[in-house]
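Accompanying notes for the structure given below.
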Amino acid sequence: MKKSNFITFLLLAALITFCLPTTSFAADTGKITGSEVLVIGDSFLALSHDITSRLQQNAKNDGILASTDKFRDLSVSGTMLSGGISPNIPTQFQNGVNAGTVKYVIMDGGGNDCIGGSVSNAVTAARSLFEQMGRSGIVKVFYLFYPDAQGGLAATLNPNLNTLRPQIQSIVTSSTSPKGYFLDLRPTFEGKYSSYILSDGIHPTLAGSNAAADAIWAEMKKVGFFGSTTPTQKVGDCNNDGSIDAIDFSLLKQYLMNAGSTYNSYMDLNADNTINALDFAIMKKYLLGMVSTLPAV
2 MKKSNFITFL LLAALITFCL PTTSFAADTG KITGSEVLVI GDSFLALSHD
52 ITSRLQQNAK NDGILASTDK FRDLSVSGTM LSGGISPNIP TQFQNGVNAG
102 TVKYVIMDGG GNDCIGGSVS NAVTAARSLF EQMGRSGIVK VFYLFYPDAQ
152 GGLAATLNPN LNTLRPQIQS IVTSSTSPKG YFLDLRPTFE GKYSSYILSD
202 GIHPTLAGSN AAADAIWAEM KKVGFFGSTT PTQKVGDCNN DGSIDAIDFS
252 LLKQYLMNAG STYNSYMDLN ADNTINALDF AIMKKYLLGM VSTLPAV
């Protein structure tokens, strides 16, 4: 090769290298750090960990989590909110906090308590756990609640789940520090139990796990769970899903039935710093169209 041609070749090579896009060499960074997301709970999550795996993939696909990052999944099969085998769910949480910074918690819990008939203990433990999370500086908690049990367990387990569900929902959605989000998985599984639940009647198949994770992820995106900001919550929107509807009416009713509930300004519909039957009546009138506006927070 002639000297002039060789110099031209080097210049072209340098120019091409300079002009190549740099995105393929850029650091693959997500919006969150995976280790700051803690997954805790029982075998609905822990039997296969497929729900966590799918959630991680959804987060990566949407640029929330780096491709090589992952959540910390400390969920353990057979565990309870109150007592039971170790580490129970509150202990899983504390172990996670002890190991490093936690900002977000994804969890289930209470199924095994219901199997053992300990609904009231589960409620007490859940309330205590949320207080513990608040003291630990947790920013947000996403609580997924089970679909209906199938087969032989249905007759004994579902009544207890039906008792526990609204109480857990009330604890979660009334929590502001950490901010709580609750998702009932029954609508996701409705009509598809034969393919979404294993023969044991309670654990999800791979298809069920993926469907659950996709429903969780859709709700997380809707409420901005991993966002830097969350939608402005309105008075009356008790579950902060952007609308005031029958679900909020049910949550307010559950709140009033629970004497130990902490004051929640979003349920104070007449802004008198007290949540009582007057707020319940205002909510009813609002849903019936008799009242068109509610106070701002």
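According to our numbering, the sequence shown is numbered sequentially starting from 2. All C-beta atoms in this analysis are idealised placements derived from N, C-alpha and C, irrespective of residue type, glycine included.
Inset, instruction - Go ahead and label residue 279 buried or exposed: buried means 16 or more other beta carbons lie within 10 angstroms of its beta carbon, across all protein chains shown. - result: By one-based count along the sequence shown, residue 279 stands at place 278. The residue is exposed, with fewer than 16 neighbouring Cβ atoms inside 10 Å.
Legend entry - Environment of residue 134 [buried if 16+ CB atoms lie within 10 Å]: Residue numbering aside, residue 134 sits at position 133 when the sequence shown is read from its first letter. The residue in question, residue 134, is buried, as its Cβ has 16 or more Cβ neighbours within 10 Å.
Inset, instruction - Only counting runs of 4 or more residues, tell me where the alpha helix (DSSP H) segments fall wholly within the region 153 to 195, in order along the chain. - result: Qualifying alpha helix (DSSP H) stretches, in chain order: 155 to 174 and 187 to 190.
Inset, instruction - Tell me, to the nearest whole angstrom, how far the beta carbon of residue 101 is from that of residue 176; I am working on the premise that it is less than 8 angstroms. - result: Taking the sequence shown and counting its residues from 1, the one referred to as residue 101 is at position 100. Taking the sequence shown and counting its residues from 1, the one referred to as residue 176 is at position 175. Their Cβ separation, rounded to whole angstroms, is 23 angstroms, which puts residue 101 and residue 176 out of contact at 8 angstroms.
Inset, instruction - Please classify residue 280: does DSSP put it in a helix, a strand, or coil? - result: Mapped onto the sequence shown, residue 280 falls at position 279. In the structure shown, the three-state DSSP call for residue 280 is helix.
Legend entry - residue 256 - containing alpha helix (DSSP H), residue span: Numbered from 1 along the sequence shown, position 255 holds the residue referred to as residue 256. 247 to 258 is the extent of the alpha helix (DSSP H) around residue 256.
Inset, instruction - Check each candidate in 103, 39 and 227 and name the one with the smallest Cα separation from residue 138. - result: Counted from its first residue, the sequence shown places residue 138 at position 137. The residue with the shortest Cα to Cα distance from residue 138 is 103.
Inset, instruction - Please state if the CB of residue 140 and the CB of residue 88 are separated by a distance shorter than 8 angstroms. - result: Residue 88 sits at position 87 when you count from the first residue of the sequence shown. Residue 140 sits at position 139 when you count from the first residue of the sequence shown. Against a cut-off of 8 angstroms, the Cβ pair of residue 140 and residue 88 comes out as no contact.
Legend entry - Through-space distance from residue 277 to residue 287, alpha-carbon basis: Counting from one through the sequence shown, the residue named residue 287 turns up at place 286. Counting from one through the sequence shown, the residue named residue 277 turns up at place 276. Straight-line Cα distance between these residues: approximately 16 angstroms.
Inset, instruction - Specify the secondary structure class of residue 267 as computed by DSSP and reduced to three states. - result: Counting from one through the sequence shown, the residue named residue 267 turns up at place 266. Correct three-state label for residue 267: helix.
Inset, instruction - Output the boundary residues of the alpha helix (DSSP H) element that contains residue 61. - result: Along the sequence shown, one-based indexing puts residue 61 at 60. Residue range 51 to 62 is occupied by the alpha helix (DSSP H) that includes residue 61.
Legend entry - Nearest residue (CA-CA) to residue 234, options 255, 259, 268 and 227: As a working mapping, residue 234 is identified with position 233 in the sequence shown. When each option's Cα is compared against that of residue 234, the closest is 268.
Inset, instruction - Find the nearest neighbour of residue 185 within the set 167, 156, 72 and 263, judged by alpha-carbon distance. - result: Here residue 185 refers to the residue found at position 184 when the sequence shown is read from its first residue. Of the candidates 167, 156, 72 and 263, the residue whose Cα lies closest to the Cα of residue 185 is 167.
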